[in-house]
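**Student:** One structure, as structure tokens, below. Some questions next.
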Amino acid sequence: MTLGLKWERRFKVIAGTLWMAFILICVLFPTYWIALASFKHPKDLAVRIPLFWTSEPTLISYKGLFTQPFLQFEKLTLNSLTISLSTTFLSVALAVFAGLALARLRFPGRQRLGMAVFFAYLAPPVLLFIPLYVVMATFRLTDSKLGLILVYSSFTVPFCVWMLRGYFHNIPVELEECAMIDGCTRLGAWVRIVLPLASPGIAAAGIFAFTLAWNEFLYAYVLTETANAQTMPIGLASFIQLDVYRWGELSAGALLMAIPAVVLYFLGQRFVVAGLTGGAVKG
Amino acid sequence: MERRGVDRADTGGMRGLAGLKSGERLPKDTVLGFALMVPALAVIIGLVGYPTLYAIWISLHTKLLAVKNMPFVGIENYITVLTQGSFWPALGRTVYFTVVSVALKVCIGMATALALNESWPGRGLARAAVLLPWALPPLTAVVTWRFLFNDTTNVLNYILIKAHLIEKPILWLAKAEYAMPSVIIVSVWQGFPFFAITLLAGLSPIPNDLFDAAKVDGAGIFQRFRYVTLPGVFPVLMVALTLSTIWTFNQFVVIWLLTQGGPGEATTTLPIAAYQQAFVAGSRNLSMGAVYAVLTFPVLVALVLILNHFIVSREETAS
Numbered sequence: 179m180t181l182g183l184k185w186e187r188r189f190k191v192i193a194g195t196l197w198m199a200f201i202l203i204c205v206l207f208p209t210y211w212i213a214l215a216s217f218k219h220p221k222d223l224a225v226r227i228p229l230f231w232t233s234e235p236t237l238i239s240y241k242g243l244f245t246q247p248f249l250q251f252e253k254l255t256l257n258s259l260t261i262s263l264s265t266t267f268l269s270v271a272l273a274v275f276a277g278l279a280l281a282r283l284r285f286p287g288r289q290r291l292g293m294a295v296f297f298a299y300l301a302p303p304v305l306l307f308i309p310l311y312v313v314m315a316t317f318r319l320t321d322s323k324l325g326l327i328l329v330y331s332s333f334t335v336p337f338c339v340w341m342l343r344g345y346f347h348n349i350p351v352e353l354e355e356c357a358m359i360d361g362c363t364r365l366g367a368w369v370r371i372v373l374p375l376a377s378p379g380i381a382a383a384g385i386f387a388f389t390l391a392w393n394e395f396l397y398a399y400v401l402t403e404t405a406n407a408q409t410m411p412i413g414l415a416s417f418i419q420l421d422v423y424r425w426g427e428l429s430a431g432a433l434l435m436a437i438p439a440v441v442l443y444f445l446g447q448r449f450v451v452a453g454l455t456g457g458a459v460k461g
Numbered sequence: 025m026e027r028r029g030v031d032r033a034d035t036g037g038m039r040g041l042a043g044l045k046s047g048e049r050l051p052k053d054t055v056l057g058f059a060l061m062v063p064a065l066a067v068i069i070g071l072v073g074y075p076t077l078y079a080i081w082i083s084l085h086t087k088l089l090a091v092k093n094m095p096f097v098g099i100e101n102y103i104t105v106l107t108q109g110s111f112w113p114a115l116g117r118t119v120y121f122t123v124v125s126v127a128l129k130v131c132i133g134m135a136t137a138l139a140l141n142e143s144w145p146g147r148g149l150a151r152a153a154v155l156l157p158w159a160l161p162p163l164t165a166v167v168t169w170r171f172l173f174n175d176t177t178n179v180l181n182y183i184l185i186k187a188h189l190i191e192k193p194i195l196w197l198a199k200a201e202y203a204m205p206s207v208i209i210v211s212v213w214q215g216f217p218f219f220a221i222t223l224l225a226g227l228s229p230i231p232n233d234l235f236d237a238a239k240v241d242g243a244g245i246f247q248r249f250r251y252v253t254l255p256g257v258f259p260v261l262m263v264a265l266t267l268s269t270i271w272t273f274n275q276f277v278v279i280w281l282l283t284q285g286g287p288g289e290a291t292t293t294l295p296i297a298a299y300q301q302a303f304v305a306g307s308r309n310l311s312m313g314a315v316y317a318v319l320t321f322p323v324l325v326a327l328v329l330i331l332n333h334f335i336v337s338r339e340e341t342a343s
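Chain order of the listed sequences is A and B.
Note that the first sequence covers residues 179 to 461 in this note's numbering.
Note that the second sequence covers residues 25 to 343 in this note's numbering.
Here it is, written out as structure tokens:
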């Protein structure tokens, strides 16, 4: 089984190059294809021999997207933004308190409470969407933005608490103690020392809360009916289910929706690996 | 049980509060701690804990979508679901979908992580590119793949025919035998970067000395993978594996938007069945949907217990 070191090196280089070439094609081609489609002229979209390049990019599909009367894309965008931003602020605020408590205070059961928070994040929407629908209907919160903000908190709050708990944990407690020796109260030390140091972590938690809410599908699908509270994924999904595919508009919409999610994801991603694997990985 | 909990909290506490161990702080910490936890706990209990129990409650009643009344029927719904034809095949499809998807995600993710762990020019860019499918909203991924699978825009079939991999166009989503592989492809495409990135993070701290020592001892490339790399990433691998299994088992949006569980019932997994029972099928029977959802619960609990084992043991060795 042992190959010579030289052969092993060659094997590694060749296998690695081939593999990465394959992976990069699989990853990039579909993304390229949808981006290209959104800039193609509609007549070039459904042709017998697919066109891998367009020499005349056009914004027709993007214009079409915003002028579809039944889609109300602007309204959907606004709803998505309102709901995702509100969810983000709510969850980050609650999570800062809870994260500080779990990382900094010593009280019985806090380790378990921390794990319980993490498991709450894992509770699948599939288990919760029926009871949440009944509860929201009882309070007349179906088809309302407030209803969706509350429901989204069910996963963004646990996620942010878990992430911030880990982040606060890694800030040396000595810094805070120094401030307390210099006359700060504990809360003062938190506000002046811990929170500023944790601001990248807080930003990352906010970024992920935003993308989780932005991307969410099942709850919005079940809980909304009209453009009053429908989000972008729901509007675009109704587009998919039409008999005639409007590939141009659909790919333009899917791409527009992806841009904030992808940009934010790349800004925050180096924190999430450490966050999700619960410190099993040092990020 | 209680004692163990307290011990655990204490070992954890030593790490965070090395300088503040005077006894009288404890009760104050407890009050402040719970006070700070209250808002988040209220959300978690109200929107996760309570609905979980309420799902069980609904499943024991007859609750139709448009009807207010909710008569109690006990386990009758469970008997109906477990004895009618469609539950067991749906469970089988869910397990098949989950096992095949997760296995492919792990293998592809591991191979990619190993390649990204070597140093080569452009590695940083490649790493970012690999993350792309994971960063995309599921809706965008699904629209993209519907576009690739679609037969009027035919690009995937066109490429595969040109490459002589297939002879006739494949009806990816319309034919029962291809529908399951198609949804698995999309699930793997979206999910493998999670493994690539977590495993990469798990690979980098393995000291090079270990590999060198193994080389000196005459271990070949595969033996080094088996005896150095794999044990090194094992904890990370297990956490990523359980998380991904939970997410894949409960996958809704990818399957629903690709096939709606069809053609026929070829891709009707438990989450799809739960949704159909509650919001699509004739009577819009929420309690039947709840039965399907509750029946996935044991699987979730088992996975969470595994996860708990690996995370808690990590935290204990760390402190």
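Virtual Cβ for every residue (Gly too), placed ideally from N, Cα, C.
Mind listing, in chain order, the continuous alpha helix (DSSP H) runs of no fewer than 4 residues lying wholly within the region 356-410 of chain A?
**Tutor:** 364-367, 377-393 and 396-401
**Student:** List the residues of chain A whose Cβ lies closer than 8 Å to the Cβ of threonine 104 (chain B), in chain order.
**Tutor:** The premise fails here: threonine 104 (chain B) is roughly 16 Å from chain A at the closest Cβ pair, so nothing lies under 8 Å.
**Student:** Which value, in whole angstroms, describes the spacing of the CA atoms of alanine 326 (chain B) and alanine 220 (chain B)?
**Tutor:** 25 Å
**Student:** Starting from the C-beta of leucine 243 (chain A), find all residues in its chain whose C-beta is less than 8 Å away, skip the five residues before and the five after it, and write them out in chain order.
**Tutor:** Leu249, Phe251, Glu427, Ala430, Gly431 and Leu434
**Student:** Note down the Cα distance separating serine 46 (chain B) from threonine 54 (chain B), rounded to an integer number of angstroms.
**Tutor:** Because serine 46 (chain B) sits at a pLDDT of 47, beneath the cut-off of 50, its placement in the model cannot be relied upon, and the point is left open.
**Student:** If you drop the 5 nearest sequence neighbours on each side, which residues of the same chain put their C-beta closer than 7 Å to that of glycine 292 (chain A)?
**Tutor:** Leu280 and Arg343
**Student:** Quick check on leucine 114 (chain B) - is its C-beta less than 7 Å from some C-beta in chain A?
**Tutor:** The sequence as given places alanine at residue 114 (chain B); leucine does not occur at that position. No, its Cβ sits nowhere closer than 7 Å to a Cβ of chain A.
**Student:** Check whether the Cβ atoms of lysine 463 (chain A) and threonine 232 (chain A) sit closer than 7 Å, and answer yes or no.
**Tutor:** Absent from the structure is residue 463 (chain A), since the part of chain A shown begins at 179 and ends at 461.
**Student:** At least one CB of chain B closer than 7 Å to the CB of glycine 413 (chain A): is that the case?
**Tutor:** no
**Student:** Any C-beta of chain B sitting closer than 7 Å to the C-beta of methionine 198 (chain A)?
**Tutor:** Methionine 198 (chain A) belongs to the set of residues whose beta carbon lies under 7 Å from a beta carbon in chain B.
**Student:** Taking tryptophan 169 (chain B) as the query, report the chain A residues whose CB atoms sit under 8 Å from its CB, ordered along the chain.
**Tutor:** Within chain A, the residues near tryptophan 169 (chain B) are Pro208.
**Student:** 7 Å is my cut-off, CB to CB: does alanine 393 (chain A) come that close to chain B?
**Tutor:** Reading the sequence as shown, one finds asparagine at residue 393 (chain A) and not alanine. Taking Cβ atoms only, chain B reaches closer than 7 Å to asparagine 393 (chain A), which makes this a yes.
**Student:** Here's the rule: buried if 16 or more other CB atoms are within 10 angstroms of the residue's CB, otherwise exposed. What is glutamate 352 (chain A)?
**Tutor:** exposed
**Student:** Is the beta carbon of glycine 285 (chain B) less than 7 Å from the beta carbon of isoleucine 296 (chain B)?
**Tutor:** yes
**Student:** State yes or no: is the C-beta of valine 154 (chain B) within less than 7 Å of the C-beta of proline 217 (chain B)?
**Tutor:** yes
**Student:** Determine the DSSP secondary structure at arginine 96 (chain B), reduced to helix, strand or coil.
**Tutor:** The residue you asked about is not arginine; residue 96 (chain B) is phenylalanine in the sequence shown. Looking at phenylalanine 96 (chain B) - three-state DSSP - the assignment turns out to be strand.
**Student:** Taking all protein chains shown into account, decide if phenylalanine 417 (chain A) is buried (16 or more other Cβ within 10 angstroms of its Cβ) or exposed.
**Tutor:** buried
**Student:** With serine 262 (chain A) as the anchor, note down where its alpha helix (DSSP H) starts and where it stops.
**Tutor:** 251-282
**Student:** Between the region 301-326 of chain B and chain A, which residues of the former have CB atoms less than 8 Å from a CB of the latter, in chain order?
**Tutor:** So the list reads Ala302, Phe303, Leu310, Gly313, Ala314, Ala317, Val318, Thr320, Phe321 and Leu324, given in the order they occur along the chain.
**Student:** Could you name the residues that DSSP lists as bridge partners for histidine 85 (chain B)?
**Tutor:** Per DSSP, the beta-bridge partners of histidine 85 (chain B) are B:Phe96.
**Student:** Does isoleucine 330 (chain B) get closer than 7 Å to chain A when you measure Cβ to Cβ?
**Tutor:** Not a single CB atom of chain A sits nearer than 7 Å to the CB of isoleucine 330 (chain B).
**Student:** Given that isoleucine 68 (chain B) touches chain A, what residues does it touch there, using C-beta distances under 7 Å?
**Tutor:** Val295, Ala298, Val335 and Pro336
**Student:** Grab the span of the alpha helix (DSSP H) containing tryptophan 185 (chain A) for me, first residue to last.
**Tutor:** 183-217
**Student:** Along the chain, where does the alpha helix (DSSP H) containing glycine 313 (chain B) start, and where does it finish?
**Tutor:** 310-319
**Student:** Over what stretch of residues does the alpha helix (DSSP H) that includes glutamine 289 (chain A) continue unbroken?
**Tutor:** 288-300
**Student:** Among A:Asn348, A:Ser239 and A:Gln408, which residue has its Cα nearest to the Cα of leucine 320 (chain A)?
**Tutor:** In the sequence on display, residue 320 (chain A) carries threonine and not leucine. Proximity to threonine 320 (chain A) across A:Asn348, A:Ser239 and A:Gln408 peaks at A:Gln408, based on C-alpha coordinates.
**Student:** Quick one: using the 10 Å Cβ neighbour count with 16 as the cut-off for buried, is threonine 463 (chain A) buried or exposed?
**Tutor:** There is simply no residue 463 (chain A) to check, as chain A begins at 179 and stops at 461 in what is shown.
**Student:** Near proline 95 (chain B), what residues of its chain come up, given a Cβ to Cβ distance below 8 Å and the 5 sequence neighbours on each side ignored?
**Tutor:** His85 and Thr86
**Student:** What are the boundary residues of the alpha helix (DSSP H) that includes phenylalanine 317 (chain A)?
**Tutor:** That residue, phenylalanine 317 (chain A), is in no alpha helix (DSSP H); it is neither H nor E in DSSP.
**Student:** Quick one: give me the first and last residue of the alpha helix (DSSP H) that serine 143 (chain B) is part of.
**Tutor:** Per DSSP, serine 143 (chain B) belongs to no alpha helix (DSSP H) and is neither H nor E.
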